[in-house]
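Written out below as structure tokens is the structure these notes cover.
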Amino acid sequence: MVYPTTKTGYIAYTAGVLALSVGLNALFTGRGQWFDVGGFLTDTSPYSWALIGTSLVVALSVVGAASGIYITGSSLVGAAVKAPRIRTKNLISIIFCEVVAIYGLIMAIVFSSKLIQGEPESRFHPDNYYAGYALFWAGLTVGLSNVFCGLCVGVTGATCAIADAADGQLFVKVLIVEIFGSIIGLFGLIIGLLMSSSVPDFK
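In this note's numbering, the protein residues as written are 1418 to 1620.
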């Protein structure tokens, strides 16, 4: 049997053993309904799923933008010590990272326009389930794409700053790679708009 050797491995191993113990205990003592995934999905309010999706799209987009700015900014400041001429034109990398957060903000505004107060007796209407799940997964999709977009732009922006400090002719060449990396977030934005366009208003 293979045992974990890192702190993260120990935590994951302990959590897995604990979850398995609780699950087997519930199963053998007649409380298996605790793991009723279908009941959880249907008993949770569709409004909650929609609000979680709206929150995720903003939170994950900000995480992606902040990570990219952190990676690019630190390299830019360090490289600017050697070559001060790169400070101004390499700010475009910071702008590309910030656009990722703006994508998330745009999607949150679009999602919030779908959150209309409905009648209490129709809260669990099938259309509401569809709207809640669609907004949740659309928010998760856009948020994750923006996280990876921010990381991609951050790494390529840092490389662009260092390359520009070494050779000014490399700036445009690396910037093209950075532009293609920033398009990943635009893909997520388009998919989110397509998913949310078919979402009906809450009844």
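Ideal placement from N, C-alpha and C gives every residue a C-beta, glycine not left out. No experiment lies behind these values; they were computed from the predicted model shown.
Measure the alpha-carbon distance for residue i versus residue j and round it to whole angstroms.
i, j, result
"G1470", "F1445", "36 Å"
"I1596", "C1514", "11 Å"
"Y1520", "T1576", "24 Å"
"D1544", "S1462", "12 Å"
"F1457", "R1540", "16 Å"
"T1423", "Q1534", "49 Å"
"L1435", "I1428", "11 Å"
"V1498", "L1557", "39 Å"
Can you list, in chain order, the residues of its chain whose CB lies under 7 Å from that of residue i, leaving out five sequence neighbours each side?
i, result
"S1562", "I1601, G1602, F1604 and G1605"
"I1579", "S1492 and A1496"
"V1479", "A1518 and G1521"
Counting only the same chain and skipping the five closest in sequence on each side, list residues whose C-beta sits under 8 Å from that of residue i.
i, result
"E1536", "K1620"
"W1466", "G1549, Y1550, L1552 and F1553"
"D1581", "A1496, A1500, I1503, K1506, N1507, L1587, F1588 and V1591"
Please classify residue i: does DSSP put it in a helix, a strand, or coil?
i, result
"E1595", "helix"
"I1600", "helix"
"L1522", "helix"
"L1532", "coil"
"S1615", "coil"
Residues in the same chain with beta-carbon distance under 6 Å from residue i, minus the five sequence neighbours each way, listed in chain order, please.
i, result
"V1559", "V1474, M1524, G1605 and G1609"
"G1598", "C1569, V1570 and T1573"
Secondary structure, alpha helix (DSSP H): runs of 4+ residues fully inside the stretch 1461-1514: Restricting attention to alpha helix (DSSP H) runs no shorter than 4 residues, the stretch 1461-1514 encloses them at 1463-1499, ordered along the chain.
Runs of beta strand (DSSP E) lying entirely within the stretch 1538-1569, each at least 3 residues, in chain order: With a minimum length of 3 residues, no continuous beta strand (DSSP E) run stays inside the stretch 1538-1569.
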